[in-house]
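Numbers given in the working numbering equal positions in the sequence shown, counted from 1, plus 1492.
All C-beta atoms, glycine included, are put in the ideal place defined by N, C-alpha and C.
A short worksheet on the structure shown next.
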Amino acid sequence: MALLISCALWLSGCAMFGLGRSYEKPDISLANVEMLKANLWEQTFQLGLRVDNPNDRSLPIRGMHYEIYLNEARLATGVSDAHFTVPAYGSEYFELNVRSNLWRHIRDVVKMMEDQQPVSYRIEGHIRTGLFLSPTVTLHEKGMLDPVNLRF
1493 MALLISCALW LSGCAMFGLG RSYEKPDISL ANVEMLKANL WEQTFQLGLR
1543 VDNPNDRSLP IRGMHYEIYL NEARLATGVS DAHFTVPAYG SEYFELNVRS
1593 NLWRHIRDVV KMMEDQQPVS YRIEGHIRTG LFLSPTVTLH EKGMLDPVNL
1643 RF
């Protein structure tokens, strides 16, 4: 009987915290790429990311693991402990400083700048939320960037 009461209380707690409701995955897009500094062995970029929340409740972000690709060349991989909240039906822009070694892709990067053609990007990884029991959101976003708007 105590087990039954415990389960009922746990389920009502889940409903109270919104775990019974479905939660749509947020959209993550790369809004800007800016090279901050570069040398032969390492480059530092500032990435502007936009998180759009299609849900009727806010989405607390408590960190992420990511891999970012430009034209299928891995630009960066790493982790961030960024803490922010995306409002319900809203969006947030945040900047992420990343380090990379593009030496093996330098020809492709130079060609990308010269051609001024759209650049494809892909973001993969996981976002840790601040929701009850801290579920993660899997990232697999693709898109195109207009090189006219990029600052290399």
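Length of the line joining the Cα atoms of S1550 and I1619: Along the sequence shown, read from residue 1 onward, the residue named residue 1550 stands at position 58. Along the sequence shown, read from residue 1 onward, the residue named residue 1619 stands at position 127. Computed Cα separation, rounded: 15 angstroms.
Take the Cβ of A1608 as the centre, count every other Cβ of all protein chains shown within 10 Å, and call the residue buried at 16 or more, exposed below. For the purposes of this step, residue 1608 is taken as the residue at position 116 of the sequence shown. As written in the sequence, residue 1608 is Gln, which differs from the Ala given in the question. When all chains shown are included, Q1608 counts as exposed.
Pull up the distance between the alpha-carbon of N1563 and that of G1617, whole angstroms please. Within the sequence shown, numbered from 1, the residue matching residue 1563 stands at position 71. Within the sequence shown, numbered from 1, the residue matching residue 1617 stands at position 125. Approximately 17 angstroms between the Cα atoms of the pair.
Chain-order list of residues whose beta-carbon lies under 8 angstroms from that of G1574 (same chain, five-residue window excluded): Here residue 1574 refers to the residue found at position 82 of the sequence shown. The amino acid at residue 1574 is misidentified as Gly; the sequence shows Ala. Here the set comprises I1553, G1555, M1556, F1586, L1588.
Measuring straight from C-alpha to C-alpha, what distance separates T1621 and V1629? The residue given as residue 1621 occupies position 129 in the sequence shown. The residue given as residue 1629 occupies position 137 in the sequence shown. In a straight line, the C-alpha of T1621 is about 7 angstroms away from that of V1629.
Of all the options N1531, I1560, N1524, F1537, which has the alpha carbon lying nearest to the alpha carbon of E1633? Position 141 of the sequence shown, counted from the first residue, corresponds to residue 1633. The shortest C-alpha separation from E1633 is found at I1560.
Identity of the residues DSSP links to D1544 by a beta bridge: For the purposes of this step, residue 1544 is taken as residue 52 along the sequence shown, with counting starting at 1. D1519, S1583.
Shorter than 6 angstroms, the distance from the beta carbon of N1589 to the closest heavy atom of the ligand PLP, or not? The ligand PLP is not part of this structure, which contains no ligands at all.
C-alpha distance - K1603 paired with V1611, whole-angstrom precision: Position 111 of the sequence shown holds residue 1603. Position 119 of the sequence shown holds residue 1611. Cα-Cα distance, rounded: 11 angstroms.
Spatial neighbours of D1544 within its chain, please: C-beta separation below 7 angstroms, excluding the five flanking residues on both sides. As a first step, residue 1544 must be located in the sequence shown, where it is residue number 52. Result list for D1544: P1518, D1519, S1583, in chain order.
In or out: Y1613 buried (at least 16 other Cβ within 10 Å) or exposed? One-based indexing of the sequence shown puts residue 1613 at position 121. That one is buried.
Give the DSSP-derived three-state secondary structure of E1534 in the structure shown. Locating residue 1534 in the sequence shown gives position 42, where the first residue counts as 1. DSSP places E1534 in coil when its eight states are reduced to three.
How many angstroms separate the CA atom of V1578 from the CA atom of S1521? Stepping through the sequence shown from its first residue, residue 1578 is reached at position 86. Stepping through the sequence shown from its first residue, residue 1521 is reached at position 29. Straight-line Cα distance between these residues: approximately 14 angstroms.
Contacting residues, own chain, Cβ-Cβ under 7 angstroms from A1580 (five flanking each side not counted): As a first step, residue 1580 is located in the sequence shown; it is residue number 88 there, counting from the start. Taken in chain order, the residues that qualify are N1545, N1547, D1548, R1549, S1550.
I want to see whether chain D comes within less than 7 angstroms of H1618, judged by CB atoms only; does it? No chain D is present in this structure, which holds just one protein chain.
Taking buried to mean at least 16 other C-beta atoms within 10 Å of its own C-beta, is L1539 buried or exposed? Residue numbering aside, residue 1539 sits at position 47 when the sequence shown is read from its first letter. That one is buried.
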